[in-house]
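Working notes for the structure below.
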């Protein structure tokens, strides 16, 4: 009889803190045949964001990048072939830098970030690129999907649960306080806030110009978002049709438009960022994902936020800034009601949201983070903020961040203790 040799026990390594160094995005375009990116490849949009991050941070040796995580909801055609790896190669990263692809539908880029942060946390990696891309003009959501018939035949989900617009109508049905009047007012406010932020110079610094080549229109340069409709009024929204249900409450004025675009960010262990001279714009505190009934997928951010707050040891009263993805106005209103926040809370989406700027599915999570980072710099009195979004098929995701400009912020050393 033999016995295994006794191995000396080793203490678990400390959790390392992940920080958000920087984030950028392309201007967002309308997903249609004459849209901004109708003749531009999806992977080239993602490449542009990666190159811009490298250009902005020349102190980062490209060979120090440990991995590239790029998300897409539809991973085929110009959004296929393991995006993280192909985008890295196309962006000119050393061949030694690996990459992978992620899909959590709308929360793709968010999941890329939290997956990267988890790798940093256990000490497996030091510096990563994370982001997402969605060319909904080339790949309409669910266009080539083949849902298993058992979803409906075995009554696992309602027949209309795979239609995101219908799930928004279901929220109106379930909660009478979520009226169309409130949704219309919120949709107009999103447009107004975006227009004000753009005029104040708060949007353009995070955009990377994209060269365009159209066979009919020739060469061009995308420098601004295409979807916003400044000057939108409640009267104009009231006249819009309700495409998801006759006599419904969801319109194009209270839903994010179909959009093309990409976003990416640079993440690092906090001690590595200090060693390389990289800035820290936010520090990740906690994150959580949660599932809800697919029929009311817009509720997903509520349980996800409860979980993230609990893991961080915080309450909703500790959050000073909220970036909530506006897939639909009613979905944001459901979140606000769940946490007792007013519809016009100035801490919520101060730059407007996806109803105005668009929602290129898997890329939107990093847009939220990049905007929150800029707002942190404007508001050093705010210590914590969060980014949250609903996800198709009944999910939600939330990430809580700490503001490095706050007086109580303490950088961490390699051992994970506060200085």
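In our numbering, the protein residues as written are 18 to 436.
Here a beta-carbon is modelled for each residue, glycine too, at the ideal position from N, C-alpha and C.
Backbone secondary structure at residue i - three-state DSSP
i, result
"residue 259", "coil"
"residue 303", "strand"
"residue 153", "coil"
"residue 315", "helix"
"residue 87", "strand"
"residue 101", "helix"
"residue 336", "strand"
"residue 434", "Only weak support exists for where residue 434 lies, its pLDDT of 42 falling under 50; the coordinates are left without a value."
"residue 415", "strand"
"residue 36", "strand"
"residue 401", "strand"
"residue 409", "coil"
"residue 364", "coil"
"residue 276", "strand"
"residue 231", "strand"
"residue 308", "strand"
"residue 121", "strand"
"residue 45", "coil"
"residue 137", "helix"
"residue 237", "strand"
"residue 53", "coil"
"residue 160", "coil"
"residue 387", "helix"
Beta-carbon gap between residue i and residue j smaller than 8 Å
i, j, result
"residue 206", "residue 361", "yes"
"residue 85", "residue 189", "no"
"residue 412", "residue 280", "no"
"residue 374", "residue 244", "yes"
"residue 117", "residue 99", "yes"
"residue 385", "residue 418", "no"
"residue 517", "residue 404", "For residue 517 there is no data in the structure shown, the boundaries of the chain being 18 and 436."
"residue 416", "residue 345", "no"
"residue 62", "residue 150", "yes"
"residue 321", "residue 414", "yes"
"residue 126", "residue 88", "yes"
"residue 214", "residue 369", "yes"
"residue 350", "residue 191", "no"
"residue 148", "residue 282", "yes"
"residue 372", "residue 204", "yes"
Supposed close pair residue i, residue j - CB separation, criterion 8 Å
i, j, result
"residue 382", "residue 364", "About 19 Å; that fails the 8 Å criterion."
"residue 295", "residue 134", "Contact doesn't hold; Cβ gap of about 15 Å is too wide."
"residue 241", "residue 154", "Not really, about 18 Å apart at Cβ, beyond 8 Å."
"residue 273", "residue 376", "4 Å"
"residue 110", "residue 75", "Between residue 75 and residue 110 the Cβ distance is about 14 Å, and since that is not below 8 Å, they are no contact."
"residue 312", "residue 187", "5 Å"
"residue 267", "residue 182", "6 Å"
"residue 247", "residue 238", "Wrong, their Cβ atoms sit about 21 Å apart, outside the cutoff."
"residue 33", "residue 138", "6 Å"
C-alpha gap between residue i and residue j, whole angstroms
i, j, result
"residue 259", "residue 180", "14 Å"
"residue 387", "residue 262", "35 Å"
"residue 353", "residue 103", "40 Å"
"residue 73", "residue 122", "29 Å"
"residue 436", "residue 141", "Note that residue 436 scores a pLDDT of 33, beneath 50, so its modelled location is shaky; the value from the coordinates is reported in the next line. Cα to Cα, the separation comes out at about 23 Å."
"residue 254", "residue 197", "10 Å"
"residue 70", "residue 194", "44 Å"
"residue 119", "residue 309", "21 Å"
"residue 57", "residue 235", "12 Å"
"residue 333", "residue 288", "29 Å"
"residue 224", "residue 43", "5 Å"
"residue 52", "residue 425", "46 Å"
"residue 392", "residue 271", "24 Å"
"residue 230", "residue 359", "45 Å"
"residue 394", "residue 380", "23 Å"
"residue 64", "residue 152", "14 Å"
"residue 83", "residue 427", "26 Å"
"residue 6", "residue 400", "Residue 6 cannot be examined here, being either before or after the span of the chain that is shown, 18 to 436."
Residue i classed as buried or exposed, judged by whether at least 16 other C-beta atoms fall within 10 angstroms
i, result
"residue 96", "buried"
"residue 136", "buried"
"residue 420", "buried"
"residue 432", "With a pLDDT of 47 at residue 432, under the threshold of 50, the modelled position of that residue is not reliable, and the figure given next carries that caveat. So residue 432 ends up on the exposed side."
"residue 221", "exposed"
"residue 463", "Because residue 463 is not part of the residues shown, which for the chain are 18 to 436, the question remains open."
"residue 437", "Since the displayed the chain opens at 18 and closes at 436, residue 437 lies outside it and no answer follows."
"residue 112", "exposed"
"residue 408", "buried"
"residue 216", "exposed"
"residue 249", "buried"
"residue 315", "buried"
"residue 46", "buried"
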